[in-house]
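Reviewing the structure listed below.
There are 2 protein chains.
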Amino acid sequence: MATKGFTLWFTGLSGAGKSTLAEIISARLVDHGIGHEVLDGDVVRTNLSKGLGFSKEDRDTNIRRIGFVAELLTRHEIPVITAAISPYKDVREEVRRKIGRERFVEVFVTASLDELVRRDVKGLYEKALHGEIKNFTGVSDPYEAPDNPQVTIDSELEEVEASADRIWNYLLENEFISINQPVLQA
Amino acid sequence: MATKGFTLWFTGLSGAGKSTLAEIISARLVDHGIGHEVLDGDVVRTNLSKGLGFSKEDRDTNIRRIGFVAELLTRHEIPVITAAISPYKDVREEVRRKIGRERFVEVFVTASLDELVRRDVKGLYEKALHGEIKNFTGVSDPYEAPDNPQVTIDSELEEVEASADRIWNYLLENEFISINQPVLQA
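Taken in order, these protein sequences are the chains called A and B.
With my numbering as the guide, the letters of the first sequence map in order to residues 654 to 839.
With my numbering as the guide, the letters of the second sequence map in order to residues 654 to 839.
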């Protein structure tokens with residue numbers, strides 16, 4: 654049941670599956686009695702970044718603030734899961750340095766734009782593709798994929814539980830978490 | 654050496670002695686091997702509240718952000734010390750409710766304006782009194798003293814180590830911290 658502080662940092666386009674995976678990993682940590690914190694993108698926007706927009710500068714500020722809080726918790730041995738789009742490589746790198754490379758687990762979650770449009774129940778991609786939403790990452794705003802993420806998930810090709818297993822095993826194998834019996838979902 | 658999460662929230666005018674007391678309590682926690690976090694007003698302004706000014710709305714936002722981070726850490730059993738002026742009663746009350754009354758220790762640090770002017774090495778009070786700094790708490794901006802702080806420190810009447818002892822003893826007596834041998838400074 655022991656654990657050490659780490660930040661599990663999901664990055665990827667809206668709808669790629671970051672939050673779903675974050676929730677599954679969070680639920681498994683709960684099952685094993687491992688206290689942790691999920692810093693959801695929306696919660697942070699509300700509590701730390703109200704008033705910020707979606708320019709590169711404002712997005713960077715938002716990510717730095719998530720990074721600031723993640724660093725605090727990680728340093729005090731509280732595992733953190735973040736699931737913000739975090740489109741820019743330089744700021745993700747800055748956060749990784751602050752938290753410490755050995756405690757930062759970057760998970761890149763990806764799917765094709767066609768698939769994201771198909772999944773998009775709120776119709777945000779359609780609106781963005783028709784120019785009705787500005788600065789929409791992946792359509793009218795850039796997304797810079799990580800070069801060397803610790804885990805890459807293609808949510809179009811892999812079932813979500815299988816993806817969660819790979820992340821979970823990464824955490825186990827690298828001793829971010831240790832549990833009596835590894836629980837591998839069927 | 655055991656401890657539980659709590660927030661030691663200093664409030665009071667600039668120069669009253671909040672940071673000095675925060676540092677002394679922090680050093681004592683270090684001496685006893687008790688992990689904790691000091692959320693310094695300036696560090697928070699830099700990392701979470703850049704761009705905010707000193708209107709009531711912006712001050713409130715700054716305090717809410719400190720409160721958000723303090724709540725996260727406190728909930729994960731990490732003691733937090735904050736030392737922002739936090740001039741408004743309603744927002745301090747809001748933060749107290751979020752963190753939980755039973756985990757929130759408000760310390761009101763006060764001294765007379767004459768004394769604050771006398772201590773003020775940066776000459777900020779003089780400038781504020783001459784209208785050169787706007788929105789300066791205690792001169793040109795309001796400060797609302799707490800009605801029922803857990804500890805009140807008059808830094809004009811009491812030596813700083815004696816004040817620190819009273820805060821430390823409050824934490825011990827209310828079982829926020831427990832140590833093998835209470836260390837009382839001479």
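All C-beta atoms, glycine included, are put in the ideal place defined by N, C-alpha and C.
From a predicted model like this one, the values you see are computed outputs, not experimental measurements.
Discussion item. I need the DSSP call for Asp850 (chain B), collapsed to helix, strand or coil.
Written reply: The requested residue 850 (chain B) does not occur in the structure, where chain B is confined to residues 654 to 839.
Worksheet item: Who does Trp662 (chain B) pair with in a DSSP beta bridge?
Response: Taking the first residue of the second sequence as position 1, residue 662 (chain B) is located at position 9. BP columns for Trp662 (chain B) point to B:Thr735, B:Glu759.
Worksheet item: Quick one: is His850 (chain A) near chain B, going by C-beta distance under 8 Å?
Response: The requested residue 850 (chain A) is not part of the displayed model; chain A covers only 654 to 839.
Worksheet item: In chain B, which residues lie with their C-beta within 8 Å of the C-beta of Thr757 (chain A)?
Response: Looking up residue 757 (chain A) in the first sequence gives position 104. Reading off the sequence shown, one finds Phe at residue 757 (chain A), where the question assumed Thr. The premise fails here: Phe757 (chain A) is roughly 18 Å from chain B at the closest Cβ pair, so nothing lies under 8 Å.
Worksheet entry | Distance between Thr656 (chain B) and Glu814 (chain B) (C-alpha atoms, nearest Å) | Here residue 814 (chain B) refers to the residue found at position 161 when the second sequence is read from its first residue. Here residue 656 (chain B) refers to the residue found at position 3 when the second sequence is read from its first residue. Across the structure, Glu814 (chain B) and Thr656 (chain B) are spaced so that their CA atoms are roughly 22 Å apart.
Item to complete: Could you list which residues in chain A have their beta carbon closer than 8 Å to that of Val792 (chain B), in chain order?
Response: By 1-based counting over the second sequence, the position of residue 792 (chain B) is 139. Within chain A, no residue comes near Val792 (chain B); the closest Cβ sits about 28 Å away, beyond 8 Å.
Practice prompt. Sort B:Leu825, B:Asp695, B:Leu725, B:Glu690 by Cα distance to Ser667 (chain B) and report the nearest one.
Written response: Here residue 667 (chain B) refers to the residue found at position 14 of the second sequence. Nearest of B:Leu825, B:Asp695, B:Leu725, B:Glu690 to Ser667 (chain B), Cα basis: B:Asp695.
Discussion item. Out of A:His689, A:Ile716, A:Val691, which one is the CA nearest neighbour of Ser702 (chain A)?
Written reply: The count along the first sequence starts at 1 and reaches residue 702 (chain A) at position 49. Nearest of A:His689, A:Ile716, A:Val691 to Ser702 (chain A), Cα basis: A:Ile716.
Worksheet entry | As assigned by DSSP and simplified to three states, the class of Asp773 (chain A) | Position 120 of the first sequence holds residue 773 (chain A). Here Asp773 (chain A) sits in coil by DSSP.
Discussion item. Strictly below 9 Å CB to CB, what residues from chain A border Glu690 (chain B)?
Written reply: The residue given as residue 690 (chain B) occupies position 37 in the second sequence. Against chain A, a Cβ distance below 9 Å from Glu690 (chain B) picks out Leu725, Arg728, His729.
Discussion item. Measuring CB atoms only, is the segment 686-693 of chain B touching the segment 730-737 of chain B, in the sense that at least three cross pairs come out at less than 8 Å?
Written reply: Counting C-beta pairs closer than 8 Å gives three or more between the segment 686-693 of chain B and the segment 730-737 of chain B, which meets the contact rule.
Discussion item. Taking 7 Å as the limit between beta carbons, can you name the residues of its chain near Thr673 (chain B), skipping five residues before and five after?
Written reply: Position 20 of the second sequence, counted from the start, is the residue given in the question as residue 673 (chain B). Result list for Thr673 (chain B): Val813, in chain order.
Practice prompt. Can you give me the Cβ contacts of Arg749 (chain B) inside the same chain, cut-off strictly under 6 Å, excluding the 5 residues immediately before and after it?
Written response: Translated into positions along the second sequence, residue 749 (chain B) becomes position 96. Residues of the same chain with a CB within less than 6 Å of the CB of Arg749 (chain B), apart from the 5 flanking positions on each side, are Phe757 in chain order.
Fill in: Assigned secondary structure, Val691 (chain B) (DSSP; H/G/I helix, E/B strand, else coil)
The residue you call residue 691 (chain B) lines up with position 38 of the second sequence. Assignment of Val691 (chain B) by DSSP, reduced to helix, strand and coil, places it in the strand class.
Item to complete: For the segment 772-823 of chain B, list the alpha helix (DSSP H) runs that are entirely contained and at least 4 residues long, ordered along the chain.
Response: Qualifying alpha helix (DSSP H) stretches, in chain order: 777-782.
Discussion item. Within 8 Å of any Cβ in chain A, is that where the Cβ of Arg698 (chain B) sits?
Written reply: Position 45 of the second sequence, counted from the first residue, corresponds to residue 698 (chain B). Not one chain A Cβ lies under 8 Å of Arg698 (chain B).
Practice prompt. Select from B:Leu726, B:Ser739, B:Val804, B:Lys671 the residue whose C-alpha is nearest the C-alpha of Thr714 (chain B).
Written response: As a working note, residue 714 (chain B) is residue 61 in the second sequence. Comparing Cα-Cα distances from Thr714 (chain B) to each of B:Leu726, B:Ser739, B:Val804, B:Lys671, the minimum goes to B:Ser739.
Worksheet entry | Cβ shell of Lys787 (chain B) (< 7 Å), same chain only, five flanking positions each side left out | In the second sequence, the residue the question calls residue 787 (chain B) occupies position 134. So the qualifying residues of the chain are Ser793.
Discussion item. Just list the residues that DSSP pairs Ile830 (chain A) with in beta bridges.
Written reply: Counted from its first residue, the first sequence places residue 830 (chain A) at position 177. According to DSSP, Ile830 (chain A) bridges with A:Thr656.
Practice prompt. Examine chain A for any beta-carbon lying closer than 8 Å to the beta-carbon of Phe721 (chain B), and answer yes or no.
Written response: For the purposes of this step, residue 721 (chain B) is taken as residue 68 along the second sequence, with counting starting at 1. For Phe721 (chain B), the closest Cβ of chain A is nearer than 8 Å.
Worksheet item: With DSSP run on the structure shown, which of helix, strand or coil describes Gly686 (chain A)?
Response: On the first sequence, residue 686 (chain A) is found 33 positions in, with the first residue counted as 1. The answer is coil: DSSP assigns Gly686 (chain A) none of H, G, I, E or B.
Worksheet item: Under three-state DSSP, which class holds Lys742 (chain B)?
Response: What you label residue 742 (chain B) is simply residue 89 of the second sequence in a count that begins at 1. Correct three-state label for Lys742 (chain B): helix.
Practice prompt. Give me the Cα-Cα distance between Phe829 (chain B) and Lys751 (chain B), rounded to the nearest whole angstrom.
Written response: Taking the first residue of the second sequence as position 1, residue 829 (chain B) is located at position 176. Taking the first residue of the second sequence as position 1, residue 751 (chain B) is located at position 98. If you take the alpha carbons of Phe829 (chain B) and Lys751 (chain B), they lie about 18 Å apart.
Worksheet item: Which same chain residues, not among the five before or five after Thr727 (chain A), have their C-beta less than 7 Å away from its C-beta?
Response: Residue mapping note: residue 727 (chain A) aligns to position 74 of the first sequence, counting from 1. Closer than 7 Å at the Cβ level, and outside the excluded window around Thr727 (chain A), lie Gly658, Phe659, Thr660, Val733, Ile752, Arg756.
Worksheet entry | Contact under 8 Å by Cβ, Glu759 (chain B) with Pro799 (chain B) | Mapped onto the second sequence, residue 759 (chain B) falls at position 106. Mapped onto the second sequence, residue 799 (chain B) falls at position 146. Yes; because the gap between Cβ atoms is below 8 Å, this pair is in contact.
Discussion item. For a cutoff of 8 Å on Cβ pairs, would you count Arg718 (chain A) as touching chain B?
Written reply: Position 65 of the first sequence, counted from the start, is the residue given in the question as residue 718 (chain A). So yes, Arg718 (chain A) belongs to the interface.
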